[in-house]
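Novice: Quick one: the structure is below, and I'll ask about it shortly.
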Ligand SMILES: NC(=O)c1ccc[n+]([C@@H]2O[C@H](COP(=O)([O-])OP(=O)(O)OC[C@H]3O[C@@H](n4cnc5c(N)ncnc54)[C@H](OP(=O)(O)O)[C@@H]3O)[C@@H](O)[C@H]2O)c1
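In this note's numbering, the protein residues as written are -7 to 234.
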């Protein structure tokens, strides 16, 4: 896919992976619509990338509609990077927190993609989803895992039915404010968190090459393959090693 001079919408552009993707796409010569909530962080990314900022809460239908209304240009690339996490047993998760996870991580990408399909199709466009290795099901992140597995399934179906380019990026731990915001630090010694820039590079590269799925780091694909081929063994390993 050619990116120079094309319009791209990036959600989650105010921080972490989305901000790094915006930076990469700006370097590729894209015209950017940058979606986020925090005005200070959004302004900083806007200043770095020359994009157009849009404040919208993707946990609400109004926020999703605001993005659709602002994406008036010919959108060739839609990057879904907005998202949040929650850690802890399901029994301790408030209903409102579960609803917010599902709204921002899954429902908003579905609705935005649906609404922007005509312009994406007209442009021979591409949709990129930032899912997570948690899509295979991570203990104490049940709802988060469900949203990311849902995103992966949605992307797989869209790839087959829409004629669009569709990329799913499945990172492991990434060094961003994500963990601080969810209220629980990343506690594993392995795998070490990668940088947001590395995820952004992998995402943009996958869009340019029209790759369906990319794991960051790449060896994480092995875990997903074991999960697919031998779910029982995967669950045993998961219980044993977390
Ligand atoms: N960090 C990791 O280890 C990791 C691993 C795998 C996958 N991911 C996924 O990567 C994506 C980006 O996360 P990150 O690591 O870059 O975290 P981050 O730095 O916390 O960024 C999250 C982004 O999502 C936006 N966002 C959150 N709730 C929103 C809402 N209600 N409406 C609109 N925007 C909202 C934030 O906007 P504001 O800042 O303006 O609120 C921010 O731009 C997420 O989907 C996450 O699930 C992260």
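Don't be surprised by glycine CBs; every beta carbon is placed ideally from N, CA and C.
Identify every residue that forms a DSSP beta bridge with residue 0.
Specialist: The partner list for residue 0 (beta bridge, DSSP) reads 24 and 69.
Novice: Consider the C-beta atom of residue 168 and the heavy atoms of ligand 1; say whether any pair is separated by less than 6 Å.
Specialist: At least one heavy atom of ligand 1 is nearer than 6 Å to the Cβ of residue 168, so yes.
Novice: Taking 6 Å as the cut-off, is the CB of residue 202 close to at least one heavy atom of ligand 1?
Specialist: Outside the cutoff, so no.
Novice: Does any heavy atom of ligand 1 sit closer than 6 Å to the C-beta of residue 96?
Specialist: True, at least one ligand heavy atom lies under 6 Å from that Cβ.
Novice: Output the distance between the C-alpha atoms of residue 121 and residue 191, rounded to the nearest integer angstrom.
Specialist: One C-alpha to the other measures close to 12 Å.
Novice: Looking only at its chain, what residues have a beta carbon closer than 7 Å to the beta carbon of residue 35, apart from the 5 residues adjacent to it on each side?
Specialist: If we look at residue 35 and ignore the five residues flanking it on each side, its Cβ neighbours are 45.
Novice: Counting only runs of 3+ residues fully inside the region 36 to 81, write out the beta strand (DSSP E) ranges in chain order.
Specialist: Whole beta strand (DSSP E) segments, 3+ residues: 44 to 47 and 67 to 72.
Novice: Under a Cβ-count criterion, where at least 16 other Cβ atoms within 10 Å of its own Cβ denotes burial, should residue 207 be classed as buried or exposed?
Specialist: The residue in question, residue 207, is buried, as its Cβ has 16 or more Cβ neighbours within 10 Å.
Novice: Would you call residue 53 buried or exposed, if buried means 16 or more other Cβ atoms sit within 10 Å of its Cβ?
Specialist: Looking at its Cβ environment, which holds fewer than 16 other Cβ atoms inside 10 Å, residue 53 is exposed.
Novice: Nearer than 6 Å: is that true of the beta carbon of residue 196 relative to any heavy atom of ligand 1?
Specialist: No, Cβ of residue 196 sits at least 6 Å from all heavy atoms of ligand 1.
Novice: Just checking my contact of residue 50 with residue 108 at CB under 8 Å: how many whole Å lie between their CB atoms?
Specialist: Wrong, their Cβ atoms sit about 14 Å apart, outside the cutoff.
Novice: Taking only the alpha-carbon atoms, compute the straight-line gap between residue 295 and residue 140 and give it to the nearest angstrom.
Specialist: Since the first residue shown for the chain is -7 and the last is 234, residue 295 is missing from the structure and cannot be characterised.
Novice: Only counting runs of 4 or more residues, tell me where the alpha helix (DSSP H) segments fall wholly within the region 156 to 198, in order along the chain.
Specialist: As far as the region 156 to 198 is concerned, its whole alpha helix (DSSP H) runs of at least 4 residues are 170 to 174.
Novice: I need the boundaries of the beta strand (DSSP E) containing residue 120, first residue and last residue.
Specialist: Start and end: 118 to 122.
Novice: Which whole-angstrom value describes the C-beta separation of residue 188 and residue 166, a residue pair presumed to lie in contact below a C-beta threshold of 8 Å?
Specialist: The Cβ separation is near 6 Å, so the contact holds.
Novice: Around the C-beta of residue 133, are 16 or more other C-beta atoms found within 10 angstroms, so that it is buried, or is it exposed?
Specialist: With 16 or more other Cβ atoms within 10 Å, it is buried.
Novice: Is the beta carbon of residue 56 within less than 6 Å of some heavy atom of ligand 1?
Specialist: No, since every heavy atom of ligand 1 falls outside the 6 Å radius drawn around the Cβ of residue 56.
Novice: Taking Cβ positions, are residue 1 and residue 63 nearer each other than 7 Å?
Specialist: Yes. Within cutoff.
Novice: When the Cα atoms are used, what is the spatial distance from residue 68 to residue 234?
Specialist: One C-alpha to the other measures close to 40 Å.
Novice: If you pair each beta-carbon of the region 101 to 116 with each one of the region 173 to 188, do three or more pairs fall below 8 Å?
Specialist: As far as the Cβ criterion goes, the region 101 to 116 does not touch the region 173 to 188, which means the pair count is below three.
Novice: How is the beta strand (DSSP E) around residue 206 delimited, first residue to last?
Specialist: Where residue 206 is concerned, the enclosing beta strand (DSSP E) stretches over 205 to 208.
Novice: If distances are taken between C-alpha atoms only, which option among 171, 168, 172 and 143 comes closest to residue 158?
Specialist: Cα-wise, what sits closest to residue 158 is 143.
Novice: Does residue 152 pass the burial test, meaning 16 or more other C-beta atoms within 10 Å, or should it be called exposed?
Specialist: Burial call: exposed.
Novice: Please say whether residue 128 and residue 100 have beta carbons closer to each other than 7 Å?
Specialist: Their beta carbons are not under 7 Å apart, which means residue 100 does not touch residue 128 by this criterion.
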